[in-house]
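What follows is a short report on a single structure.
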Amino acid sequence: MNSVSRFLLIPALLLPWAVFNSTSADDSMPDAAPGMSLTLDELYASPSLTGTRPRGIAWSADSSEVAYLWNAQGHPGRDIWVYSVTDRKSRRLTWLADEADVAGNGVTEVAWLHGDHARLAYVLDEAIHILDAAGGDKVVARDQGIRAINGSPDGRKLVYISRSGIWTLEHSDGSWASPRQVLAVEDKQQVTEYQWISGRNAIAFSLTDNRPLPEREIHYYSGDGLQVDRVSRAFPGQQTAHYRLGTVDLASGSIRYFERPDERHYTWNWAVSGDGSQLFVNSSDLLVKHHRIYLYDIASGKRVEFYHEHDARHLRPDWRAAWAPGNEGLVILTDRDGYLHLYHQQSRQSAPRQLTSGDWEISAFWIDRQRAQVYFLANRSGHGNRLLYRVPFGGGKVERISSETNGMHAPVFSPDMRYAASIYSNDNKPHDLHLLDLQAGSSEQLTRSPGRVFYEQRWADVRYIEFPSHIDGTTLVGRLSLPPGFNPDRPYPLIVGSVYSDSVLNQWGGRQSHPTWGLDQYLVAQGYILLNVNIRGSWGQGRKHNQGLRHGYGIVDIEDLHSGVKHLVSAGFADPDRVGIWGSSYGGLMTMMSLFKKPGVYAAGIAGAPATNVAHAYPG
Numbered sequence: 001m002n003s004v005s006r007f008l009l010i011p012a013l014l015l016p017w018a019v020f021n022s023t024s025a026d027d028s029m030p031d032a033a034p035g036m037s038l039t040l041d042e043l044y045a046s047p048s049l050t051g052t053r054p055r056g057i058a059w060s061a062d063s064s065e066v067a068y069l070w071n072a073q074g075h076p077g078r079d080i081w082v083y084s085v086t087d088r089k090s091r092r093l094t095w096l097a098d099e100a101d102v103a104g105n106g107v108t109e110v111a112w113l114h115g116d117h118a119r120l121a122y123v124l125d126e127a128i129h130i131l132d133a134a135g136g137d138k139v140v141a142r143d144q145g146i147r148a149i150n151g152s153p154d155g156r157k158l159v160y161i162s163r164s165g166i167w168t169l170e171h172s173d174g175s176w177a178s179p180r181q182v183l184a185v186e187d188k189q190q191v192t193e194y195q196w197i198s199g200r201n202a203i204a205f206s207l208t209d210n211r212p213l214p215e216r217e218i219h220y221y222s223g224d225g226l227q228v229d230r231v232s233r234a235f236p237g238q239q240t241a242h243y244r245l246g247t248v249d250l251a252s253g254s255i256r257y258f259e260r261p262d263e264r265h266y267t268w269n270w271a272v273s274g275d276g277s278q279l280f281v282n283s284s285d286l287l288v289k290h291h292r293i294y295l296y297d298i299a300s301g302k303r304v305e306f307y308h309e310h311d312a313r314h315l316r317p318d319w320r321a322a323w324a325p326g327n328e329g330l331v332i333l334t335d336r337d338g339y340l341h342l343y344h345q346q347s348r349q350s351a352p353r354q355l356t357s358g359d360w361e362i363s364a365f366w367i368d369r370q371r372a373q374v375y376f377l378a379n380r381s382g383h384g385n386r387l388l389y390r391v392p393f394g395g396g397k398v399e400r401i402s403s404e405t406n407g408m409h410a411p412v413f414s415p416d417m418r419y420a421a422s423i424y425s426n427d428n429k430p431h432d433l434h435l436l437d438l439q440a441g442s443s444e445q446l447t448r449s450p451g452r453v454f455y456e457q458r459w460a461d462v463r464y465i466e467f468p469s470h471i472d473g474t475t476l477v478g479r480l481s482l483p484p485g486f487n488p489d490r491p492y493p494l495i496v497g498s499v500y501s502d503s504v505l506n507q508w509g510g511r512q513s514h515p516t517w518g519l520d521q522y523l524v525a526q527g528y529i530l531l532n533v534n535i536r537g538s539w540g541q542g543r544k545h546n547q548g549l550r551h552g553y554g555i556v557d558i559e560d561l562h563s564g565v566k567h568l569v570s571a572g573f574a575d576p577d578r579v580g581i582w583g584s585s586y587g588g589l590m591t592m593m594s595l596f597k598k599p600g601v602y603a604a605g606i607a608g609a610p611a612t613n614v615a616h617a618y619p620g
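Counting in my numbering, the sequence shown runs without a single skipped number right up to 620 at its last residue.
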């Protein structure tokens with residue numbers, strides 16, 4: 001049995017009514033217009049008809065070249081490509097994926113070695129390779145779980161994380177020494193990130209310690225029979241993970257941990273200041289009601305509280321922070337005014353100064369310190385979008401940087417902040433790599449991933465709709481997938497899902513936690529319409545909207561889904577007798593609650609691994 005068939009059959013075994021079959025439609029159901037004609041196996045075959053999504057973007061230190069991992073033929077294994085912003089050409093540096101099995105990943109990571117932009121380090125099959133300008137390739141380290149490779153600013157060291165901790169490689173006289181471990185971790189501990197400390201032969205690091213968590217067995221059927229996985233997972237009221245931050249001196253090997261008020265408190269992000277003197281920790285308590293940012297003096301370890309905000313109804317930890325230009329305090333992303341916006345706080349004593357405002361939200365931001373500008377991704381042009389904007393640090397007009405085409409960007413900025421290599425997609429275009437010239441305002445597409453077959457199909461017609469909640473009138477947003485040739489005067493069978501929070505996204509496949517894009521397209525081609533709803537608790541519509549889910553799991557969220565169904569039925573788009581719903585995990589909970597609390601609304605449902613124990617959601 002192939003993997004696609006397993007994916008479809010396992011949920012169907014969970015519920016006896018879990019069958020979506022458009023052939024049972026009555027004679028009034030119009031035939032779907034000619035559209036996508038592929039089977040599920042063809043949709044998920046390799047090479048992929050949507051192509052291989054580029055990843056692993058890495059800029060050279062002088063911002064003249066950008067490396068990325070890609071497969072031009074649509075196979076899963078990726079090779080190294082490099083684009084020159086000077087001659088505006090891409091070149092392929094490795095052919096390793098051609099030699100690997102199609103199920104292999106190929107190169108998983110690439111990094112430039114500082115001080116010599118002609119050399120690249122990359123990871124393949126749990127080994128670090130050094131690729132020189134002449135094409136020479138040498139393995140310099142092997143370990144399990146190698147990732148986060150990065151050259152030191154002076155070009156003499158290569159640092160990386162493995163399952164066993166942090167390691168360094170020294171380079172001198174044209175050769176590489178044996179790897180040296182500078183931080184060892186135990187089983188169930190994991191180094192999550194590290195950063196160089198300017199002016200010191202040292203790095204700062206963060207570590208997650210899962211040893212306090214109980215270990216549980218998860219039983220499931222796959223392949224030839226029963227499988228058992230062991231995972232570290234806490235139930236409500238049990239011990240949780242600990243989050244630690246520290247520094248390690250690469251010369252002496254001395255390690256020092258910063259003292260946190262409570263190591264169980266979450267760390268949402270952290271960063272070392274540009275001068276290497278301080279480190280901030282953006283954190284919250286376990287219930288995400290207290291948002292606190294602490295500053296640490298790296299030399300002494302002394303801690304002070306820089307920022308604090310409390311909201312007893314808070315649910316989402318979307319907070320982020322970054323050092324302001326000149327290390328003059330912090331730029332903070334917070335929803336203190338009702339929407340996620342940027343603020344500058346210069347000191348502990350000063351009040352935050354708002355940089356952006358409006359009934360839209362920011363998901364991420366970056367600082368151009370040289371030009372005193374802040375770049376950010378936001379849904380300012382429409383809920384499902386994540387487009388790139390910038391605003392002067394001193395205040396001023398918000399300027400849109402990415403093109404007029406809606407969709408979602410995921411940029412990686414060059415060191416000089418002149419360019420951004422951005423993975424872009426929208427509802428009609430799979431992910432490809434684009435180069436944005438931030439000063440000229442132009443863009444260029446670097447990869448073209450979809451194959452010929454992709455352009456021969458008629459895919460779903462995706463639209464965005466707004467409708468009121470049927471319980472309190474709150475404006476809700478939906479992502480609606482319609483068959484090609486959709487007839488608004490005839491009702492269609494409706495599938496709600498895969499249901500989850502944050503599911504209204506203007507990118508190929510919508511929500512991508514699971515690869516359901518092919519299943520969605522197949523169902524649309526069979527004559528179904530599909531609906532995703534930005535339920536309460538989701539990002540993008542402000543604090544009041546997301547806080548509406550508080551103490552409402554399996555309650556208000558399923559009312560939001562029902563509101564979407566009622567809207568489409570009243571518009572004549574959906575047949576009220578042929579409505580289905582499905583989802584997994586939290587989506588499985590909403591599916592179960594919808595089926596049992598709303599008899600007559602849904603004719604069928606699939607609940608995959610439903611998270612029906614929601615006690616953890618009710619402490620606050």
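From the three backbone atoms N, C-alpha and C, an ideal C-beta is built for every residue, glycine too. As the structure is a prediction and not an experimental result, all values here were calculated from the model.
Item	Value
Q547 - partner residues in DSSP beta bridges	According to DSSP, Q547 bridges with nothing at all.
Nonlocal neighbours in the same chain, by C-beta distance under 6 Å from D368, ignoring five residues either side	M417
Residue range of the beta strand (DSSP E) that includes E65	E65 to W70
Euclidean distance between Cα positions of V159 and Y68	20 Å
Backbone secondary structure at S570 - three-state DSSP	helix
contact_flag[the region 508–528, the region 589–601] where n(CB pairs < 8 Å) is 3 or more	no
Whole-angstrom distance between P430 and A376, CA atom to CA atom	The identity of residue 376 in the sequence shown is Phe, whereas the question assumes Ala. Taking the straight line joining both Cα atoms gives about 22 Å.
CB-CB length for S381 against L388, believed under 8 Å	With a Cβ gap of about 11 Å, S381 and L388 do not count as contacting.
Between the CA atoms of H114 and D62 - distance to the nearest angstrom	9 Å
Closest residue to W176 among G223, I130, V248 and G518 (Cα-Cα distance)	I130
I471 classed as buried or exposed, judged by whether at least 16 other C-beta atoms fall within 10 angstroms	exposed
Neighbourhood of R200 by C-beta distance below 7 Å, restricted to the same chain and skipping five residues each side	G276
Assumed close pair P450, G51 - CB separation to whole angstroms, cut-off 8 Å	5 Å
From F486, Q190, D318 and K302, residue whose alpha carbon lies closest to that of L333	D318
C-alpha distance - A525 paired with Q457, whole-angstrom precision	10 Å
Cut-off 7 Å between Cβ atoms - residues of its own chain near S162, not counting five sequence neighbours on either side	D143, Q144, G145 and I146
Contact the region 248–263 vs the region 225–232: 3+ CB pairs below 8 Å	no
Presumed contact (8 Å Cβ cut-off) between P483 and F573, rounded CB distance	Wrong, their Cβ atoms sit about 11 Å apart, outside the cutoff.
Endpoints, the beta strand (DSSP E) within which T247 is located	H242 to D249
Unbroken stretches of the alpha helix (DSSP H), 4 residues or longer, contained in the region 577–619	586–597
Exposure of W95, with buried meaning 16 or more beta-carbon neighbours within 10 Å	exposed
G518: first and last residue of the uninterrupted alpha helix (DSSP H) it sits in	W517 to A525
Closest Cα partner of Y500 within the set V304, F467, W539 and D209	W539
A378 in three-state terms, based on DSSP	strand
Inter-residue spacing [alpha-carbon to alpha-carbon] between A312 and D285	12 Å
Residues that K157 bridges to, as DSSP identifies them	E170
Between the CA atoms of G608 and D27 - distance to the nearest angstrom	In this prediction, D27 scores a pLDDT of 38, lower than 50, which makes its location untrustworthy; the coordinate-derived value is nonetheless stated afterwards. Rounded to the nearest angstrom, the two C-alpha atoms are 32 Å apart.
Sequence-distant residues of its chain with Cβ nearer than 8 Å to L124 (five each side left out)	L96, G106, V107 and T108
Neighbour-count burial assignment, F235, 16 or more Cβ in a 10 Å radius	exposed
Exposure label - I218; buried when at least 16 CB within 10 Å	exposed
Cβ shell of R55 (< 6 Å), same chain only, five flanking positions each side left out	L69
At least 3 beta-carbon pairs within less than 8 Å: the region 237–257 vs the region 194–214	yes
Residue closest to R211, alpha-carbon to alpha-carbon, out of D224, Q238 and R88	Q238
8 Å CB neighbourhood of S563 in its chain, flanking five on each side removed	F467, P468, S469, H470, I471, L476 and V533
Rounded separation between T247 and I203 - CA only	6 Å
Candidates I495, T267 and G478, of which the one nearest Q521 by Cα	I495
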